[in-house]
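> Pasting a structure below so you can have a look.
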Amino acid sequence: MEPIIVPRPKGVRNPDRPAGSLLLAQVKHLREAEKSLPPNYHSRIFSHAIQTEGEAADYVRTVTENIHRAHDDAVEERGKRARKRQRGITIAAQADEPAVQGVRSSSKGKKKSGKS
């Protein structure tokens, strides 16, 4: 059987092409994810104005980087808090003074009088 030759598409990536509905749906989902981030991690891109594939790609890249940065900063902050907390921890089972063996221990060393 002879192989079928399929030519490669010439213009696969075109940043000026209008964004398709799938790409715009992805932008919408990322906008919802971005809303849950702290304000200093929000992008300066107005997601409703995105019209082309290039604009969508820039927005997706920016929001994804911000999500990763927010996560990394949160992990670092949790680590700082955990290290501070560990310095002041004392063991609850640790006694301040040695334990007394009991009331009867004082009479062990004494000899009984009268019998030798």
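Under my numbering, the letters of the sequence shown match residues 106 to 221, in that order. By construction, the Cβ of each residue, glycine as well, lies at the ideal position given by its N, Cα and C atoms. Since the model is a prediction, treat every value here as computed from it, not as a measurement.
Check Pro123 in the structure and name its three-state DSSP category.
In the structure shown, Pro123 sits in a strand (DSSP, three-state: E or B).
> Between the C-alpha atoms of His153 and Pro143, what's the straight-line distance to the nearest angstrom?
His153 and Pro143: Cα-Cα distance of roughly 20 Å.
> Taking the straight line between their C-alpha atoms, what separation do you get for Lys185 and Asp178?
The straight-line gap from Cα to Cα measures roughly 11 Å.
> Check whether the stretch 135 to 151 touches the stretch 160 to 170, counting contact only when three or more Cβ pairs, one atom from each stretch, lie closer than 8 Å.
At 8 Å Cβ cutoff, the stretches touch.
> Identify which residue in Pro108, Ala161, Ile110 has its Cα closest to the Cα of Pro123.
Measuring from the Cα of Pro123, the nearest candidate turns out to be Ala161.
> Counting only runs that start and end within the stretch 121 to 184, where is the alpha helix (DSSP H) found for 4 or more residues in a row?
Entirely contained in the stretch 121 to 184, the alpha helix (DSSP H) runs reaching 4 residues are, in chain order, 126 to 140.
> Would you mind working out which of Phe151, Asp121, Ser141, Lys115 sits nearest Val132, comparing C-alpha positions?
It is Phe151 whose Cα lies nearest to the Cα of Val132.
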